[in-house]
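Below you'll find the structure, written out as structure tokens, and then a few comments.
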Amino acid sequence: MENRYRVNSILAGNLTLVVIIAATIGFFVVNEGQGSEGFEISLTTKALSLMVILTFQMLFLIISISWIKLNSDEELKRILSDIESKDDIAERPRIQIDENYSKENKELISAFNRNLDNYCYTFQQTNMALQAVRKELNFIKEKQEDIIETEKMASLGRLVAGVAHEINTPLGIAVTGMTHLKTQKVKTDGLLESGKITANDLKSFLKEAEKSIDLVLNQVYIAADLIKNFKQVAVDQSAPVTREIELSEYIEKVLSTLRPIFKKTPFKLVPEELEVQHVLTCPGALSQVITILIQNALHHAFEGRSVGFVYVLYKVEDNKVLITIRDDGVGVPISQRKKIFEPFFTTKRGHGGSGLGLSLAYNICKEVLKGKLYFLSNDLGGSDFVIEIPVERD
């Protein structure tokens, strides 16, 4: 009889503990996450809270059953056997109360069944909360992927606009040259039809024609080079395949697509004199990272400045290539340096900044190029972003 009362005391004590814990955690769940990120925080907190409650309830069941097993009479042993015969506790395998059981054991079974009901309910709520968290995380992941893709397209769009503007200049000069040539031809045709043309007139026309043709060809070649470089960079970015490149030549191609952007600003893009280095890498991914870092420097480094320089430096040592995008701008405050590679961190919120550029560059370096990207402050007062990637040299 004494054992039975001890069992009931344990049951009552554990039930009280579970209720107190559940009420306390429930209070925090209700008051959690009232801000813009509250929904995600609340879901996660609720799921974790339910799992804690579930753990305590399972612990209570284990303690109760273990105590019965160690301190029971024959009647309690039959109850224990009934419990152990159940296959799935989550299906609420309630213990049937035999009318022949003693009052104390009936109370014990009733307490066990009540706690089992609570456990099953908490189990279901935990599953529902976890499903909600999983659904919300999938939704957030999809939105992040959409934003990242938008950032890529925006970056490419800026390149296209810059290259289009740059191509417009040589084409405009070529049109001017052809227009001048046509004017000279009309003038020469008039002299020819009137019979007043002289050898000097013909020589003058041929000389002007040669000048115009040379001018047009030169400008067309410039436009063709721009298109070729842009096409190569664009193709590489859309299909990141590993291949051998001459590093200095390829970096120059990437920079040629970025110079038009700088022409609209007072700032200068200055590449280092690069020696010939043949490397095996993923040029598309590399061009994306270089483009992002240079555009980032242009947009953030020179706030409040009327002059500034962005330098592109590189060196190859051992089996690594180090490419540094350096600026002499305002630098990055110490408080922000640990956050600059985090998704959605930007100092230009509300001014076109998505906060994804550096995060995207960091992940491309890590996942595609199998290297790393890190930040250093430099002696110029500005920032160094260093691309460090493994390469295979020819």
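Counting from 1, position 50 in the sequence shown corresponds to residue 1246 in my numbering; the numbering is continuous, with no gaps. Beta carbons are placed, not taken as given, at the ideal position from N, Cα and C, and that holds for glycine. Since this is a predicted model, take the numbers as computed values, not measurements.
Beta-bridge partners assigned by DSSP to residue 1315: none are found. Residue nearest to residue 1404 within the set 1498, 1477, 1382 and 1515 is 1382 (criterion: CA-CA distance).
Rounded to the nearest whole angstrom, the CA to CA distance from residue 1504 to residue 1463 is 5 Å. In the structure shown, residue 1464 adopts extended strand secondary structure according to DSSP, grouped into three states. Just measuring C-alpha positions, the residue of 1475, 1459, 1457 and 1406 sitting nearest residue 1443 is 1475.
Residue 1572 counts as exposed, since fewer than 16 other beta carbons sit within 10 angstroms of its beta carbon. Taking 8 Å as the cut-off, the beta carbon of residue 1363 is found closer than this to the beta carbon of residue 1419. In this structure, the beta-carbon distance from residue 1493 to residue 1514 does not fall below 8 Å. When the Cα atoms are used, residue 1519 and residue 1570 turn out to be separated by approximately 11 Å. For residue 1469, the closest of 1438, 1410, 1510 and 1456 by C-alpha to C-alpha distance is 1510.
Cβ atoms of residue 1536 and residue 1526 stay farther apart than 8 Å, at about 14 Å. For a cut-off of 8 Å, the C-beta gap from residue 1560 to residue 1481 is around 5 Å, short enough to register as a contact. At least 8 Å separates the beta-carbon of residue 1457 from that of residue 1486. Burial state of residue 1394 is exposed, judged by a 10 Å Cβ sphere holding fewer than 16 other Cβ atoms.
By the neighbour-count criterion, in which a residue is buried when 16 or more other Cβ atoms sit within 10 angstroms of its Cβ, residue 1556 is buried.
Taking C-beta atoms under 8 Å as the contact rule, residue 1490 and residue 1465 qualify, at a distance of about 7 Å. Between residue 1412 and residue 1373, the gap from beta carbon to beta carbon is short of 8 Å.
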